Amino acid sequence: MSSQTAGVLQLLALIAALALAYRPLGEYMARVYSSEKHHEPEKWIYKAIGANPTAEMRWPAYLRGVLAFSAVGVLFLYALQRAQGVLPGSLGFQAIDPDQAFNTAASFVANTNWQSYSGEQAMGHVVQTGGLAVQNFVSAAVGMAVAVALVRGFARSRTGELGNFWADLVRGVFRILLPLSVVGAIILVACGAVQNFSGIHEVGRFTGGSQEWNGGAVASQEVIKVLGTNGGGYFNANSAHPFENPTPFSNLFEVFLILVIPFSLTRTFGRMVGSLRQGYAILATMATIWVGFTALMMWTEFAHHGPAFEVAGGAMEGKETRFGIGASAIFSVATTLTSTGAVNSFHSSYTGLGGGIQLLGMQLGEIAPGGVGSGLYGMLVMAMIAVFIAGLMVGRTPEYLGKKIGTREIKFAACYILVTPALVLGFTAAAMALPTPPDSMLNSGAHGFSEVLYAYTSGANNNGSAFAGLNADTQWFNSTIGIAMLLGRFLPMVFVLALAGSLAEQKPVPATAGTLRTDKPLYTGLLVGTILIVTGLTYFPALALGPLAEGLAS
0 MSSQTAGVLQ LLALIAALAL AYRPLGEYMA RVYSSEKHHE PEKWIYKAIG
50 ANPTAEMRWP AYLRGVLAFS AVGVLFLYAL QRAQGVLPGS LGFQAIDPDQ
100 AFNTAASFVA NTNWQSYSGE QAMGHVVQTG GLAVQNFVSA AVGMAVAVAL
150 VRGFARSRTG ELGNFWADLV RGVFRILLPL SVVGAIILVA CGAVQNFSGI
200 HEVGRFTGGS QEWNGGAVAS QEVIKVLGTN GGGYFNANSA HPFENPTPFS
250 NLFEVFLILV IPFSLTRTFG RMVGSLRQGY AILATMATIW VGFTALMMWT
300 EFAHHGPAFE VAGGAMEGKE TRFGIGASAI FSVATTLTST GAVNSFHSSY
350 TGLGGGIQLL GMQLGEIAPG GVGSGLYGML VMAMIAVFIA GLMVGRTPEY
400 LGKKIGTREI KFAACYILVT PALVLGFTAA AMALPTPPDS MLNSGAHGFS
450 EVLYAYTSGA NNNGSAFAGL NADTQWFNST IGIAMLLGRF LPMVFVLALA
500 GSLAEQKPVP ATAGTLRTDK PLYTGLLVGT ILIVTGLTYF PALALGPLAE
550 GLAS
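Now the structure itself:
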């Protein structure tokens with residue numbers, strides 16, 4: 000069987016698995032977030048934190064809950080890293096430097112999981128399991144809670160109430176992420192992923208040194224890393240490491256975990272707003288972009304350019320032989336079109352156009368299907384932008400799901416889509432203009448520029464993957480990428496929740512003959528076009544200086 004055929008078969012198997020999980024998982028999540036019952040363990044948590052789970056919140060209160068909880072998370076994780084040297088289970092590792100500790104705390108709380116350190120050489124068991132893994136759960140649950148609040152904004156009328164943040168947070172962790180993670184971790188252990196609290200072992204000696212490795216609770220952290228679209232690996236090699244991703248089956252399973260919640264949330268959305276067809280329209284948009292990007296990436300990496308590529312069967316540099324080009328391309332697109340950041344190959348070694356596809360996937364806003372929660376609310380904002388553009392074309396006030404998209408709503412939506420490009424392009428320009436940051440570039444020219452652009456694109460879009468040719472463990476990059484991650488995560492949430500509150504206050508508008516049908520293929524095509532055009536107009540000059548210039552020159 001050729002490697003191309005194997006890649007296509009894996010893609011088809013993945014689509015089939017996602018299709019099977021779509022309805023039951025989407026329906027289950029709709030019931031979780033619509034339920035009025037509170038389980039006993041959940042009541043203990045509410046009592047411990049002093050929260051009333053039945054109290055409805057308007058958007059400012061909901062936002063305060065999001066920001067307060069996340070701020071405490073940053074402070075706790077920062078303190079845990081700084082105290083690592085005196086903690087049990089530290090494996091002899093010392094406290095993390097202040098700039099690195101800030102960067103990592105911001106990264107994991109923001110669901111970005113950018114890593115400018117080698118996990119197995121810096122973090123002990125307590126920090127990995129009690130700090131990083133915990134944030135993998137709660138940061139994902141925060142994103143899902145914000146998405147559900149926006150969905151309630153569409154579903155409710157004549158009220159500014161969006162639910163209760165603390166109830167949504169706890170339910171997301173204990174009713175969705177934790178049960179799925181337990182099952183997923185068992186499957187990964189069965190595939191060969193390690194799960195222990197082993198110390199550092201010397202496994203081989205050679206002239207001039209020796210080789211050592213340490214174990215850890217890898218399978219349990221790996222599963223929530225991908226299920227929660229987090230991305231931070233236990234080891235520096237991330238999902239290319241055999242302890243994290245041992246076999247081709249585990250590789251495909253991890254891609255499934257990355258995509259299953261973001262895609263299934265469209266079913267949850269359709270059920271909660273009372274129209275499954277609206278959910279299918281959003282799903283079709285996400286799936287069209289994802290399949291298109293995957294096919295383009297596989298074509299780019301399989302294309303033969305010279306004898307070396309022909310012998311290897313494609314662009315094998317930087318890819319694991321046990322996965323091959325097809326599985327690496329599928330993983331690469333899945334991780335850059337979501338906010339995951341996990342990698343099973345060396346993104347800097349992809350072809351010039353392949354690197355451009357990775358960059359563009361993040362620059363779309365990671366909405367196809369995007370991160371858990373963030374993908375859905377990002378796509379819904381773009382859906383309102385598309386409706387607004389359609390309204391301008393025919394000269395009528397745009398409506399979406401029975402809610403008018405007026406001046407106030409479109410201002411919130413516009414601010415949402417402008418935040419991330421401003422962070423990415425602003426920080427990239429500053430890094431290239433200053434004398435010191437370019438010294439961190441492994442390569443010069445177009446590829447070197449792509450390394451810097453990729454770093455800030457990944458950070459501001461809460462992705463976390465890297466070209467890996469950039470030495471980002473410097474005070475400049477640790478500080479600026481940390482700031483980009485926090486602002487790129489929480490500023491958009493401000494506008495999403497404000498938008499949700501504005502929509503919830505409205506009286507539903509009955510559909511008329513002139514209402515744009517947003518559950519039809521025509522609208523799906525309009526939405527795909529809007530996403531590509533808005534992103535292209537925003538980022539094309541930067542892409543032309545980096546991956547496009549490199550790809551056309553090769």
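Residue 0 is where the sequence shown starts when you use numbering that gives the first Met the number 0, and the numbers rise one by one after that.
All residues carry an ideal CB built from backbone N, CA and C; glycine is no exception.
Note that the structure is a prediction, hence the values are computed from the model and not measured.
Own chain residues within Cβ distance below 8 Å of residue i, not counting five before or after
i	result
Cys414	Phe494
Asn213	Leu90, Glu119, Ser197, Gly198, Ile199 and His200
Leu486	Val418, Leu422 and Ala459
Val188	Gln194 and Ala218
Same chain only: Cβ atoms within 6 Å of residue i, ignoring 5 sequence neighbours per side
i	result
Ala328	Met296, Met297 and Glu300
Ala184	Ala218, Ser219 and Val222
Val533	none
Thr246	Cys190
Met383	Tyr399, Ile404 and Ala412
Pro420	Thr537
Thr265	Gly278, Ile281 and Leu282
Contact check, residue i vs residue j, beta carbons under 9 Å
i	j	result
Lys410	Gln505	no
Thr287	Asn462	no
Gln277	Thr511	no
Phe164	Tyr45	no
Asn112	Gly230	yes
Gly354	Phe466	yes
Val141	Val65	yes
His37	Ala166	yes
Thr228	Thr339	yes
Ala280	Thr523	yes
Leu469	Ala454	yes
Ser115	Asp438	no
Ala186	Phe234	Per the sequence shown, residue 186 should be read as Ile rather than Ala. Their beta carbons are not under 9 Å apart, which means Ile186 does not touch Phe234 by this criterion.
Gly562	Phe101	Within the shown structure, residues of the chain are numbered from 0 to 553, placing residue 562 beyond reach of any answer.
Phe153	Leu379	yes
CA nearest to the CA of residue i, picked from the options
i	options	result
Ser89	Asp96, Gln80 and Pro97	Gln80
Ala18	Ile384, Ala283 and Val332	Ala283
Ala548	Gly447, Arg488 and Gly481	Gly447
Ser373	Phe426, Leu13 and Ala144	Ala144
Leu359	Leu149, Lys519, Ser331 and Tyr45	Ser331
Leu551	Asn470, Thr350 and Gly394	Thr350
Gln9	Ile260, Ala382, Val371 and Ile324	Ile324
Met381	Ala104, Ile416 and Gly401	Ile416
Thr128	Thr53, Asp98, Leu86 and Arg151	Leu86
Gly25	Val31, Ser2 and Thr267	Thr267
Leu256	Met271, Ser443 and Ala20	Ala20
Ser33	Gly215, Gly84, Ser2 and Gly273	Gly273
Glu319	Ser348, Leu177 and Ala294	Ser348
Ala94	Gly390, Ala429 and Gly123	Gly123
For residue i, the first and last residue of its enclosing alpha helix (DSSP H)
i	result
Asn250	Pro247 to Val272
Leu521	Pro520 to Leu544
Ile185	Leu177 to Cys190
Lys224	Val217 to Leu226
Val332	Gly323 to Leu336
Ile281	Leu275 to Phe301
Arg81	Trp58 to Arg81
Thr514	Neither: Thr514 is in no alpha helix (DSSP H) and is coded neither H nor E.
Val380	Ser373 to Val393
Ser138	Ala132 to Ala154
Asn102	Pro97 to Val108
DSSP beta-bridge partners of residue i
i	result
Met440	Leu469
Glu39	Note: Glu39 sits in no beta bridge, so no partner.
Tyr399	Lys402
Ser556	Absent from the model: residue 556. The displayed extent of the chain is 0 to 553, so no value can be given.
Ile199	Asn213
Glu504	DSSP lists no partner for Glu504.
Glu160	Arg57
Contact set for residue i: own chain, Cβ-Cβ below 7 Å, skip 5 residues either direction
i	result
Trp58	Gly159, Leu161, Leu496, Ala497, Ala499 and Gly500
Val108	Ser69, Gly72, Val73, Leu76, Gln134 and Ser138
Glu39	none
Glu211	Ile199, His200, Glu201 and Val202
Phe345	Gly317 and Ala467
Phe387	Pro397, Ile404 and Ile409
Phe262	Leu17, Tyr21, Leu282, Met285 and Pro368
Leu179	Leu226
Val126	Leu79, Gln80 and Gln83
Phe322	Pro247, Asn250 and Asn343
Pro52	His37, Tyr45, Asn163, Trp165 and Ala166
CB contact below 9 Å: residue i versus chain D
i	result
Tyr522	The chain inventory of the structure shown lacks chain D, comprising one protein chain alone.
beta-carbon residue i near the ligand COA non-hydrogen atom, thresh 8 Å
i	result
Leu79	Questions concerning the ligand COA fall outside what the structure shown contains, since it holds no ligand whatsoever.
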